[in-house]
Structure formats: structure tokens, C-alpha cells
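Novice:
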Amino acid sequence: MQRIDVLYFAWVRERIGLPRERVETDAATVAGLVAELAAREERYALAFADLTSLRVALDQELADFGASLEGVREVAFFPPMTGG
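Residue numbers for the sequence shown follow the working numbering, so the first one is 135 and each next one is one higher.
Given below as C-alpha cells:
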């Protein structure tokens with residue numbers, strides 16, 4: 135079990151209703167954490183329904199959903215950035 139600060143940005147924050155929270159997780163990967171969060175309540179399930187429309191950063195470094203959470207202190211979820 136580890137504690138991780140989870141940050142939500144843009145429409146992810148709007149759907150979940152929180153900018154950040156500290157969670158206790160047994161998940162080994164980002165995908166495992168997403169599964170735990172989505173199982174909490176409908177608002178989380180809706181926010182994580184389409185992972186192709188989400189990006190993730192671990193300790194402020196872009197990562198993918200298969201990335202390990204070992205030693206990670208902060209996970210951030212946000213929509214893809216657009217250029218221009």
C-alpha cells in the first residue's frame with residue numbers, strides 16, 4: 135500500500151469535482167490505479183471511461199498507463215495538449 139497525490143486537470147477535474155486528492159493504493163501500474171479510481175463512484179468511471187482521451191504524468195514526467203507506480207509520489211491526469 136502506498137500513498138500517492140493524484141491531480142486532475144481540465145475536464146477530468148470537472149467530471150470528478152476535485153483538483154487533487156491523496157489516495158492509498160495497492161496498484162502496481164497507472165492502469166491499476168485508474169481501475170481502482172473508476173470503481174469508486176460513477177463520476178470517476180465517467181472521467182476514466184476513454185483512456186485514449188487522457189494523458190498521464192508521473193512526478194511531472196509524461197508516462198503511459200502501463201508505467202509502474204513504484205516510488206511515484208504524484209500522478210497527474212489531463213487531456214492531450216493541442217499545438218498552435
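Cβ atoms here follow ideal geometry from the backbone N, Cα and C, with glycine treated the same way.
(1) How about Arg156 and Tyr142: are their beta carbons less than 8 Å apart?
(2) Which residues mark the beginning and the end of the beta strand (DSSP E) in which Arg154 is found?
(3) Report the option in Arg207, Arg177 and Ala179 whose CA atom is closest to the CA atom of Gln194.
(4) Let me know if Glu192 comes out buried or exposed under the rule of 16 or more other beta-carbons within 10 Å of its beta-carbon.
(5) Count the other CB atoms, across all protein chains shown, that sit within 10 Å of the CB of Ala162; report buried if there are 16 or more and exposed otherwise.
(6) For Phe199, I'd like the list of residues in its chain whose CB is within less than 8 Å of its CB, leaving aside the five on either flank, ordered along the chain.
(7) At which residues does the alpha helix (DSSP H) containing Val146 begin and terminate?
(8) Excluding the five sequence neighbours on either side, which residues of its own chain have a C-beta within less than 7 Å of the C-beta of Asp160, listed in chain order?
(9) To the nearest angstrom, how far is the alpha carbon of Ala173 from that of Leu196?
Specialist: From the atom records:
(1) no
(2) Arg154 to Thr159
(3) Arg207
(4) As written in the sequence, residue 192 is Leu, which differs from the Glu given in the question. It is buried - the Cβ of Leu192 has at least 16 other Cβ atoms within 10 Å.
(5) exposed
(6) Thr163, Val164, Ala165, Val168, Leu185 and Val190
(7) Ala144 to Ile150
(8) Met135
(9) 24 Å
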